[in-house]
Structure formats: structure tokens, C-alpha cells
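Read through the structure below, which is laid out as C-alpha cells, and then see the notes.
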Amino acid sequence: MNASGTDLLLWVAFPYICLAVFAVGHVWRYRQDQFGWTSRTSQLLEHRWLRWGSPLFHFGAFMVIAGHVGGLVIPDSWTEAAGISEHVYHAVSVWAGTAAGVTMVTGLGMLCARRLLTRRIRLGTDRSDKVLFPLLSATVLLGISATLTHNVFGGGYDYRETVSVWFRGVFDLHPQPEAMAGAPLLFQLHALSACLLFAAWPFTRLVHVWSAPIGYLARPYLVYRRRAATPAPVAHGGPATERRGGRAA
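For our numbering, add 1224 to where a residue sits in the sequence shown, where the first one is 1.
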């Protein structure tokens, strides 16, 4: 099957452009904005929603990333060689992926609602956040919609025969746009929004992912010592002054 010009643009040129922006953008951001390389936390402005929304979002995100690595990077021949049948893999990926997606969406929804409903946080939202949150929400919702539509309520779709083949081809420099062109529309939209998210990554708060405080795990304990008590200063006009005055007289 020969790829059309549109397929080459969407599934070859566009992904490589986004990856180039991702790489060059991180170098530029690090060189030009090291002081802004943070998550820009707003915990001091509101913490009740953040207390639940942030752990749910991050835990769900870690699960989603792990699921994508297992589904996109690991070929089906490897799982079969490990004794995992297609039926078992499909069942685990669908239900675990759905649980991870719901957890992530719940946390993200709480964080978005917090930002919209808390006036101080809403006024402090910069332009990059106004791009990041809708784009991140669209990417996550499209992924969940594709899973629910085709693999939970639908007849089932093995994305490892199309989406995974295209994904690995992009990174090993042998792209196969015809594989992605045959995928359902929701999977295609999910992939395109993910590419846009990677392109926007260096210019948003997502850069804090690369600054995880792993060093704190091996950092030695900090020793705090009580400061030694200092004698109270002698007040003016006290006994010492009186003694000096008496000797002078």
C-alpha cells in the first residue's frame, strides 16, 4: 500500500517536526529560562483541591505512560514469546488502561476546575498554561475515547498492528505512514494531539518532569543544632552604671 501525500505529511513530516521542536526547545529553554524551569506551584493560593487532584493526576499519568511503553514500544512477538497470550494482553491493557485513564482524567479535571474557580490562581495563569491544559485534556480524552469506543464497548481493535508499528518506525527512522493511515479516526486524532503536546512541552511547566528531585533520596541528613544561649544585654541605668557613676563621684 503506497502512502498518499497527506499521509506522508501527517505521519512522517509532522511527527519529525514536533520531535525536532521538542529537542531544540528544551535546549533553548534551559539556556534562556533556567529560573523558570519549575512547575510554578500555586499551593500557597489553594491546597484543598490540589491535595487530591495532583496525586491522582500524577499517579494516573505514570500508569498511562507505562501502558503506552508496553503497548507501543514492545512488539507483540515479545509478549507472545514471554507466554502472554493476545487475549490476556488485550484484557489487561483495556481494563488497566481504562482505570489509569479515569484516574488521570479525574485528577486533571480537579486541577482544571481549581484553576478556573479559584480567582487568584485564574489571574496567575500565564499563556503557556492556557495552551497546555486544553491540549493535555484533549490528548487524554481522545485516548480514553478511543479505548472505550473500540475496545470496551466496541468489537475490539488491536492497535499494535497499526499504531505501534508506525510509532516504532518513526524512532528507528523507518516510518510506515500507511500503518497509521489504516487506524481508526480516534486513534489518529490521539496521535496527532500527542505530537502537538510534545512540541509544546519545552515551553510549558512540563519541563519540571526532567527535574525530579531524585537526588533527595540519597542526600545525607541535615543536622540542626540549637544556637547557644547568649547573655541578656545590660540595661542602661542598671547597677553597673550606678557603680561607675559612684566611682566617678
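Where is the CB? At the ideal position from N, CA and C, for every residue including glycine.
- Pairwise C-beta distances place the region 1344-1352 out of contact with the region 1303-1311, as fewer than three of them are shorter than 8 angstroms.
- In this structure, Ala-1424 and Leu-1356 form a Cβ contact; the two beta carbons are roughly 6 angstroms apart against a cut-off of 8 angstroms.
- Relative to Leu-1234, the option among Pro-1279, Gln-1412, Ala-1305, Pro-1426 whose CA is nearest is Gln-1412.
- Ile-1368: member of the alpha helix (DSSP H) spanning 1351-1371, first to last residue.
- Contact between Val-1293 and Ala-1324 is absent: CB atoms are separated by about 12 angstroms, not below the 8 angstroms threshold.
- Short of 6 angstroms from the beta carbon of Thr-1262, and not among the five residues preceding or following it, lie these beta carbons of its own chain, in chain order: His-1432.
- Inter-segment contact for the region 1380-1398 and the region 1406-1422 is present: three or more beta-carbon pairs are separated by less than 8 angstroms.
- It is roughly 11 angstroms from the alpha-carbon of Phe-1286 to the alpha-carbon of Thr-1327.
- The C-beta distance from Phe-1395 to Gly-1249 rounds to 18 angstroms, too long to fall under 8 angstroms, and the pair is not in contact.
- Using a Cβ distance threshold of 8 angstroms, Leu-1359 and Ser-1417 count as a contacting pair.
- Beta-carbon to beta-carbon, Thr-1322 and Val-1376 are separated by about 6 angstroms, close enough to satisfy the 8 angstroms threshold.
- Judged by DSSP secondary structure, Phe-1246 falls within the alpha helix (DSSP H) whose first and last residues are 1238-1256.
- Each of Val-1318, Val-1297, Cys-1242 was checked against the Cα of His-1374, and the nearest Cα belongs to Val-1318.
- Arg-1392: member of the alpha helix (DSSP H) spanning 1387-1395, first to last residue.
- Counted as a single uninterrupted DSSP element, the alpha helix (DSSP H) harbouring Ser-1278 occupies residues 1272-1292.
- In this structure, Phe-1281 keeps its C-beta atom at 8 angstroms or more from the C-beta atom of Leu-1232.
- A distance below 8 angstroms between beta-carbons, with the five flanking residues on each side excluded, links Gly-1380 to the following residues of its chain, in chain order: His-1314, His-1374.
- In chain order, Leu-1366, Gly-1367, Ala-1370 place their CB closer than 6 angstroms to the CB of His-1414, counting only its own chain and leaving out the 5 sequence neighbours on each side.
- Annotated three-state conformation of Arg-1338 is helix, per DSSP.
- Secondary structure note for Phe-1422: its alpha helix (DSSP H) is the uninterrupted segment 1409-1424.
- Excluding residues up to 5 positions away in sequence, nothing lies with its Cβ nearer than 8 angstroms to the Cβ of Arg-1255 in the same chain.
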